[in-house]
Amino acid sequence: GRKRKGKAGGGHKSEGLSVEALWELACDSQAARSTSGSMSRKAEISECGRGVNLKIGDRKVSSPFCVCTYSKSNQSKRKGLWKKDQDLLLQVGENPAFYERRIASQAATGESSKRQEAQALATATKTTKLWPAGLRNLGATCYANSVLQCLFNVHDLRRMLLMISLGRKGSKKSMDCDGGTDIPEELLIVDGLHKLFAEMQFGPVAVVNPEHFLTQVLQLNKGVQQDCQEFWTLLHYSLDAGLQRIEDKSFHSLMNSNFVGQTSYKTVCKNCKQQSASSKILHDFQVLELEVKENGKKNVQASLESSLETYLAEEMLEGDNKYFCENCDSRQNAARRTEINHLPTHLILQLKRFRYDLKTFERKKIKANFSFPLSVNMDPYLTKERGRKSSKAAKEESVYDIESIILHKGKSAAQGHYISLVKREEDQLWWQFDDQNVTCVGPDLTKLNNFVKDEAKEDSLMSTQVYIIVYKSRKSSQPRPQDVTMDILPPTSKQQISSILDSFRESKESYQVKRDLFLNKLHLKREQVEKFFELASDSYDASLAYCVSTESLGNWATTLKGCEAIDMKPFKCRHGHIDPKRINELKVLSPACFQLLNENVPINPV
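Each residue of the sequence shown is one higher than the one before, counting from -7 in my numbering.
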């Protein structure tokens, strides 16, 4: 083997040989062993700036004199200490600012300056100028999230619910209720929705967790998906029942005045031309369910107008289905039709996109393209007594403008995903709510792939995914809705929201302190390591060199944590020198490198 003069490792010997000599002998012996026998492998010896490196097959053994493996220039994939700052900052924990709501007015115009957001945040938090909050999906609760976002968009309803005072406290992190309560069970839904809406309106985070309201108040199974329309009906009846228990009677008609219309079923005998007694009975409705026929069939229901006509179409009662006329006192042929007697402020239309297949005994989805207008005049669809108004002003009362849409994405009724699209009164822009993801679409829905323009009709859209459409009466619309500020909240809720805002601000400040300390420590460590490699390139007297563990040096040079101490005792032979069998586990350092390392890590040398 090759021999060199000079002694490394602090002058310590092992059987009279220096570290250099031991390494050269190790290289020669390992190379010789690798080329002997039937299972021989190719051994390669390569030179680097600080010594000889050995490669046997796929195994690499670096020279104890070479430390460049740990330098920044050799960390091509940005590993360990040289990762990007934002990746290493994950060690500090989640940044609360990542979940903070943005300013809606700036987002809509494309402005995203941190300085602008900081200046506007204090004011926006107390008003409606914040980016709308999303709702966390708890497993299979997209149907509920979509309905809640549409309900939250009903400005007057939201405002009234936020004003309700039931005197219940919550936690500092959210408006979720805790502890005992003397609130009647029927009022828990009112209280729960008040808390949820307050956090969606004024809370600091971009995504609100509805778990308490859905699983504790409504007792829903978060792992089972339900139908949007069924959930809306449950929510409507439960909320209305709760509002009836409030002493302030102005809340009693909140649901009915906004969402309840009336229909009647008029039956006329063909013999005596008299109406049945039940024809005068009015029936409340919250949702009008409209037929959607599949493409390729006759009389395709391709539009809202044709579906409404079908809903109101006359049905003949003949043959085995004859009607018993009380006036004729016998079964007679008759005509029956549904009439719309009264429309609510917010008209909810559900498309019957799911039908039961008698062959497969499964519910199948009707994927027909459906056309619907952005504005619809409902006057032609009202009863003769209520509709067919002559004056322009009177006809305007029956005009409805679209305010929200729920889409069902999926191939079948058993699976799929619900999202909602809402036109906010505050900015007259469309917003897409896909659980926690909230996107500002802008004034035109055709920017989304879910919609196309109906070229055959003015101001109409078509979609194969539209499932529920909500229209609002134009006569009830305000030129500029009142700002919903924290001033309308009852004292308990206002205090709770303020506590949530303070807690969130404190968490941001705490994170910022931890972040700054972490980055200072990181940059200092990088400077130390870079200085170490600068010193490693300098020449030095081999007789003054030191040996340290390769593993320990690697931990110190490539990680922020490094190592607590370096103990070299395990590398001693029985004579108290370097064990020649472990020479490939060591690195030889110059006195300057050893001193820098020892200033940061306690070393017990050989």
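Ideal Cβ placement from N, Cα and C applies to all residues, glycine included. Given the structure is predicted, the values throughout are model-derived calculations rather than measurements.
Selected residue, minimal CA-CA separation from residue i, among the options
i, options, result
"Leu581", "Ala557, Ala534, Arg574", "Ala534"
"Lys265", "Ala326, Phe223, Val476, Glu306", "Ala326"
"Arg93", "Tyr532, Met192, Glu178", "Met192"
"Asn333", "Asn129, Gln254, Gln208", "Gln254"
"Glu556", "Val593, Thr542, Pro562", "Val593"
"Glu331", "Ala269, Glu306, Gly311", "Glu306"
"Ser490", "Phe563, Lys121, Glu178, Ala190", "Ala190"
"Leu453", "Asn590, Thr375, Val368", "Val368"
"Leu231", "Gly72, Lys285, Leu149", "Leu149"
"Glu283", "Ser295, Ile273, Glu417, Asp276", "Ser295"
"Lys356", "Ser529, Asn576, Ser404, Gly568", "Ser404"
"Lys517", "Cys60, Ser55, Gly72", "Gly72"
"Ile181", "Ala360, Asp479, Leu235", "Leu235"
"Ala537", "Glu310, Phe586, Leu514", "Phe586"
"Lys573", "Glu310, Pro435, Phe563", "Phe563"
"Ser242", "Gln324, Ile156, Asn213", "Ile156"
Residue i in three-state terms, based on DSSP
i, result
"Phe443", "coil"
"Asp436", "coil"
"Arg355", "strand"
"Cys60", "helix"
"His338", "strand"
"Ser299", "helix"
"Val84", "coil"
"Ser468", "helix"
"Val260", "strand"
"Gly215", "coil"
"Thr225", "helix"
"Tyr91", "helix"
"Arg42", "Model confidence at Arg42 stands at a pLDDT of 49, short of 50, so the residue's coordinates are unreliable; what they give is reported in the following sentence. Three-state result, Arg42: coil."
"Leu210", "coil"
"Asn429", "strand"
"Gln424", "strand"
"His275", "strand"
"Thr330", "strand"
"Gln407", "coil"
"Leu180", "helix"
"Tyr503", "helix"
"Lys121", "coil"
"Asn361", "coil"
"Phe525", "helix"
"Met560", "coil"
"Asn602", "Nothing about residue 602 can be reported from this structure: the residues present for the chain run from -7 to 598 only."
Cβ-based burial, residue i [other Cβ within 10 Å; buried from 16]
i, result
"Asp321", "exposed"
"Lys553", "exposed"
"Phe57", "buried"
"Ile461", "buried"
"Leu588", "buried"
"Asp446", "buried"
"Pro202", "buried"
"Asn313", "exposed"
"Pro196", "buried"
"Pro365", "buried"
"Val216", "exposed"
"Met308", "exposed"
"Lys579", "buried"
"Ser455", "buried"
Distance between beta carbons of residue j and residue i, contact taken as under 8 Å
i, j, result
"Asn89", "Ala198", "Here the sequence assigns Ala to residue 89, which means Asn is not the residue at that position. Not a contact, Cβ separation roughly 10 Å."
"Gln278", "Thr225", "6 Å"
"Asp464", "Tyr373", "Note on residue identity: the sequence assigns Lys, not Asp, to residue 464. Actually they are not in contact, since the Cβ atoms of Lys464 and Tyr373 sit about 16 Å apart, beyond 8 Å."
"Val260", "Phe362", "32 Å between Cβ atoms; not a contact."
"Arg237", "Val476", "Their Cβ separation, rounded to whole angstroms, is 24 Å, which puts Arg237 and Val476 out of contact at 8 Å."
"Glu388", "Lys467", "7 Å"
"Ser271", "Lys258", "4 Å"
"Leu185", "Leu130", "Not really, about 17 Å apart at Cβ, beyond 8 Å."
"Leu280", "Tyr303", "7 Å"
"Glu577", "Thr542", "5 Å"
"Leu82", "Leu514", "Leu82 to Leu514, Cβ: 12 Å. No contact."
Near the ligand NAP: residue i beta-carbon under 6 Å from a heavy atom
i, result
"Thr551", "The model depicted lacks the ligand NAP and carries no ligand whatsoever."
Query raised in the report: Is the region 243 to 255 close to the region 421 to 429, with three or more CB pairs under 8 Å?
Result: No, the region 243 to 255 does not touch the region 421 to 429.
Query raised in the report: If we count Cβ pairs, one from each stretch, closer than 8 Å, do we get three or more for the region 438 to 447 versus the region 346 to 355?
Result: No, because fewer than three Cβ pairs between the region 438 to 447 and the region 346 to 355 fall closer than 8 Å, the two stretches do not touch.
Query raised in the report: Would you call the region 121 to 137 and the region 402 to 422 touching, i.e. three or more CB-CB distances under 8 Å?
Result: Contact between the region 121 to 137 and the region 402 to 422 is present, because at least three Cβ pairs lie under 8 Å.
Query raised in the report: Between the region 331 to 344 and the region 293 to 307, do three or more beta carbon pairs fall short of 8 Å?
Result: Between the region 331 to 344 and the region 293 to 307, the count of Cβ pairs shorter than 8 Å is three or higher; the stretches touch.
Query raised in the report: Can at least three beta-carbon pairs, one atom from the region 496 to 503 and one from the region 545 to 552, be found at a separation below 8 Å?
Result: Segments in contact, no.
Query raised in the report: Does the region 477 to 487 come within contact of the region 395 to 404, defined as at least 3 CB pairs closer than 8 Å?
Result: The region 477 to 487 makes no contact with the region 395 to 404, as fewer than three CB pairs between them are under 8 Å.
Query raised in the report: Are the region 508 to 525 and the region 221 to 238 in contact at 8 Å, needing three or more beta carbon pairs?
Result: No, because fewer than three Cβ pairs between the region 508 to 525 and the region 221 to 238 fall closer than 8 Å, the two stretches do not touch.
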